[in-house]
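K.L.:
Quick one: the structure is below, and I'll ask about it shortly.
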Amino acid sequence: GENVEQHPSTLSVQEGDSAVIKCTYSDSASNYFPWYKQELGKRPQLIIDIRSNVGEKKDQRIAVTLNKTAKHFSLHITETQPEDSAVYFCAALTNSGYALNFGKGTSLLVTP
Amino acid sequence: EAGVAQSPRYKIIEKRQSVAFWCNPISGHATLYWYQQILGQGPKLLIQFQNNGVVDDSQLPKDRFSAERLKGVDSTLKIQPAKLEDSAVYLCASSFSSSNTGELFFGEGSRLTVL
Numbered sequence: 135g136e137n138v139e140q141h142p143s144t145l146s147v148q149e150g151d152s153a154v155i156k157c158t159y160s161d162s163a164s165n166y167f168p169w170y171k172q173e174l175g176k177r178p179q180l181i182i183d184i185r186s187n188v189g190e191k192k193d194q195r196i197a198v199t200l201n202k203t204a205k206h207f208s209l210h211i212t213e214t215q216p217e218d219s220a221v222y223f224c225a226a227l228t229n230s231g232y233a234l235n236f237g238k239g240t241s242l243l244v245t246p
Numbered sequence: 056e057a058g059v060a061q062s063p064r065y066k067i068i069e070k071r072q073s074v075a076f077w078c079n080p081i082s083g084h085a086t087l088y089w090y091q092q093i094l095g096q097g098p099k100l101l102i103q104f105q106n107n108g109v110v111d112d113s114q115l116p117k118d119r120f121s122a123e124r125l126k127g128v129d130s131t132l133k134i135q136p137a138k139l140e141d142s143a144v145y146l147c148a149s150s151f152s153s154s155n156t157g158e159l160f161f162g163e164g165s166r167l168t169v170l
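If you read the sequences in order, they're chains A and B.
Quick note, the first sequence lines up with residues 135 to 246 if you use the working numbering.
Quick note, the second sequence lines up with residues 56 to 170 if you use the working numbering.
Here it is as structure tokens:
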């Protein structure tokens, strides 16, 4: 199936700094790339997504960029706040085009 | 709007025993997924249903795992016999979109511990 690699596995930043998480995927036919946030002990929730016909998408403090040629996409969080602390998962559609394969996650810690 | 419901929230069993998890998706969502999330890893797709038909079960260990969605609404995931490596959180998710590029709504998960 689709192979999604995510880096880094852990990330610690100070409040107000920016955080960047990167993912690469293997299937060039993938055309949908969401990001999910999972707080400790809670369910994953969608925070932003991007489709292959768009290079960048922004929603307030978060943005996602996509480079289809290089097969990688990134999550950018600006002006980080302690409540941004969570595990973030990237995902891409599987080879079948029917379901998502997730990366292993990035544990983000924002310290005051 | 009610979310995705799952039960039980926690289950502890011994290896070689069996266990079943239940999921009720959001009303009107035709697509239902079961994911396995091992501690420290991302969710791994086990099976996807579109209404009561299986769309993708390529990563389901069929010698011990089974799932059904008989009436196209609720779903049950069964493990028999369980192994130590099955210890994980089993997440059910549903989606309104049939194009598979829509938001997945996850349940709170069923945490399984196999001793």
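For every residue, glycine included, the Cβ atom is placed at its ideal position computed from N, Cα and C.
None of these values were measured; they are calculated from a predicted model.
Just curious, the beta strand (DSSP E) that N187(A) is in, first and last residue?
P.N.:
From DSSP, N187(A) is part of no beta strand (DSSP E); its letter is neither H nor E.
K.L.:
Relative to the alpha-carbon of A57(B), which residue among R71(B), P136(B), G162(B) has its alpha-carbon at the smallest distance?
P.N.:
Cα-wise, what sits closest to A57(B) is G162(B).
K.L.:
So, is S245(A) buried or exposed, given that buried needs 16 or more other C-beta atoms within 10 angstroms?
P.N.:
The question names Ser, but residue 245(A) is Thr in the sequence shown. It is exposed - the Cβ of T245(A) has fewer than 16 other Cβ atoms within 10 Å.
K.L.:
Tell me the DSSP bridge mates of F236(A)?
P.N.:
Partner(s): A225(A).
K.L.:
What would DSSP say about E139(A), mapped onto helix, strand or coil?
P.N.:
The answer is strand: DSSP assigns E139(A) an E or B state.
K.L.:
Relative to the C-alpha of A137(B), which candidate in E123(B), K117(B), K126(B), D129(B) has its C-alpha closest?
P.N.:
Ranking E123(B), K117(B), K126(B), D129(B) by Cα distance to A137(B) puts K117(B) first.
K.L.:
Let me check understanding here. Comparing Cα to Cα, which of D161(A), S241(A), E217(A), F167(A) lies closest to G189(A)?
P.N.:
Of the candidates D161(A), S241(A), E217(A), F167(A), the one whose C-alpha sits nearest the C-alpha of G189(A) is F167(A).
K.L.:
Excluding sequence positions up to five away, which residues of its chain have a Cβ less than 7 Å from the Cβ of V109(B)?
P.N.:
Excluding sequence neighbours, V109(B) sits near I102.
K.L.:
Less than 6 Å between C-beta atoms, sequence neighbours within five positions excluded: which residues of the same chain meet that for K171(A)?
P.N.:
Around K171(A): Q179, I181, A220, Y222.
K.L.:
Does DSSP put E217(A) in a helix, in a strand, or in coil?
P.N.:
Note: E217(A) maps to helix in three-state DSSP.
K.L.:
What residue range does the beta strand (DSSP E) around I155(A) cover?
P.N.:
153–159 is the extent of the beta strand (DSSP E) around I155(A).
K.L.:
Who are the neighbours of A233(A) on chain B, taking C-beta pairs under 8 Å?
P.N.:
In chain order: Y88, L100, Q103, V110, D111, N155.
K.L.:
Among the candidates W169(A), T228(A), I196(A), whose CA atom is the shortest distance from the CA of D112(B)?
P.N.:
Comparing Cα positions, the closest option is T228(A).
K.L.:
Buried or exposed for Q135(B), going by 16 or more other Cβ atoms inside 10 Å?
P.N.:
Exposed, because fewer than 16 other Cβ atoms sit within 10 Å of the Cβ of Q135(B).
K.L.:
Kindly indicate if chain B contains any beta-carbon less than 7 Å away from that of G189(A).
P.N.:
Chain B, which has no Cβ nearer than 7 Å to the Cβ of G189(A), makes this no.
K.L.:
Cα separation between P80(B) and E140(B)?
P.N.:
C-alpha separation (whole angstroms): 27 Å.
K.L.:
Among the residues of its own chain, which have a CB less than 7 Å from the CB of F151(B), if the five just before and after it don't count?
P.N.:
If we look at F151(B) and ignore the five residues flanking it on each side, its Cβ neighbours are G83, H84, G157.
K.L.:
Tell me the rounded alpha-carbon separation between V154(A) and F160(B).
P.N.:
Cα-Cα distance, rounded: 25 Å.
K.L.:
Could you give the DSSP three-state label for L132(B): helix, strand or coil?
P.N.:
Three-state DSSP puts L132(B) in a strand.
K.L.:
What distance in whole Å lies between the Cβ atoms of K205(A) and A197(A), which are believed to be in contact at a cut-off of 8 Å?
P.N.:
Actually they do not touch by this definition, with Cβ atoms about 19 Å apart.
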